[in-house]
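Here the working numbering is used: the first residue of the sequence shown is 256, the next is one more, and so on. All residues carry an ideal CB built from backbone N, CA and C; glycine is no exception. Each remark here refers to the structure printed beneath this line.
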Amino acid sequence: MDGFVELHFIVGVDSKPYEISVQDPTNPRSELSAIKAIRKFVFEPANFEGVPLDAGQTFRMNYAMHGGVPARPLFRKPYQDLLKAVNEQDPERARSHLNRMLDIEIHNNAEYFLVHFSRFLFAEAWGTREEQLDALTHAMRQMKFDNNVKQEVYENSLLKLFVLQTELKDFSGALQPFETIKESNMPEEKMLNPFAPLTRTKHLRPKCELHLYPQRLGG
């Protein structure tokens with residue numbers, strides 16, 4: 256099993272974390288282990304004009320077997336079926352396949368990505384922009400750390416995330432994608448045309464035979 260946990264807490268002047276909360280773990284069973292581990296950490300406290308003070312902190316904790324763990328077939332099959340249903344504009348069939356994935360406990364990062372990227376593809380076809388943003392935000396949490404996701408797919412998803420955030424006036428959230436895009440080697444024509452549909456391409460590297468169908472941001 257592999258995955259990640261995002262923790263939010265306050266670092267006190269004694270360098271110890273408190274008021275620890277867990278956001279969006281890959282697997283709920285990892286929550287207690289993550290909290291137990293973070294309590295053993297020592298942090299540099301914030302200060303203002305040389306005076307230490309308590310301050311909020313966000314921390315991502317990754318755990319993985321060497322080389323990562325692929326998604327199980329019970330996730331890969333409904334994902335492929337969902338892509339086909341989306342491409343054929345069949346919302347009832349797509350929803351059925353998405354629900355199959357949502358009913359299964361996630362065991363690793365690859366499964367986390369597939370579930371939330373599937374949510375995004377469904378929302379892009381039939382949902383609201385708010386639903387698209389929520390799903391893509393979750394998918395991007397893992398995508399940017401996943402070496403199995405192809406660079407083209409990461410770049411297109413990053414552009415889509417930025418456009419959704421600006422359209423929905425989430426300007427503070429859009430700052431990080433903006434900085435990442437600005438510092439990237441992304442082709443200028445891609446940055447100038449974020450609405451261009453993707454060509455059909457494999458979104459994961461060869462060890463996982465899954466495909467990304469052409470999509471257009473915003474439906």
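Three-state secondary structure (DSSP) at residue i?
i      : result
MET316 : strand
GLY305 : coil
GLU261 : strand
GLY428 : helix
VAL297 : coil
VAL341 : helix
VAL268 : coil
ALA451 : With a pLDDT of only 48 at ALA451, under the threshold of 50, the placement of this residue in the model should not be trusted; the figure read from the coordinates follows. ALA451: coil per DSSP, three-state reduction.
Check whether the Cβ atoms of residue i and residue j lie closer than 7 Å to each other.
i      : j      : result
PHE377 : LEU353 : yes
PRO289 : VAL260 : Looking at the sequence provided, one finds Ala at residue 289 rather than Pro. Against a cut-off of 7 Å, the Cβ pair of VAL260 and ALA289 comes out as a contact.
MET356 : PHE314 : no
GLY305 : ILE265 : no
LEU419 : PRO432 : no
SER373 : TYR409 : no
TYR367 : ILE361 : yes
LEU416 : MET398 : no
TRP381 : PRO328 : no
PHE298 : SER270 : yes
GLU274 : PRO280 : no
VAL268 : PRO300 : yes
What are the boundary residues of the beta strand (DSSP E) that residue i is part of?
i      : result
PRO272 : 272 to 278
From what residue to what residue does the alpha helix (DSSP H) around residue i run?
i      : result
ARG384 : 384 to 398
ALA380 : 364 to 381
VAL408 : 406 to 422
ALA326 : Looking at the DSSP string, ALA326 is not in any alpha helix (DSSP H), and its letter there is neither H nor E.
ASN440 : Run containing ASN440: none; DSSP gives neither H nor E here.
GLU347 : 346 to 357
GLU286 : 285 to 293
Am I right that residue i and residue j are in contact with their C-beta atoms under 8 Å? What's the rounded C-beta distance?
i      : j      : result
ASN302 : LEU308 : 6 Å
LEU391 : ALA326 : Incorrect: roughly 18 Å between the Cβ atoms, too far for contact.
LEU423 : LEU388 : 6 Å
Please find out if some non-hydrogen atom of the ligand NAD comes closer than 6 Å to the beta-carbon of residue i.
i      : result
ARG350 : Ligands in the displayed structure: none, and consequently the ligand NAD is not present.
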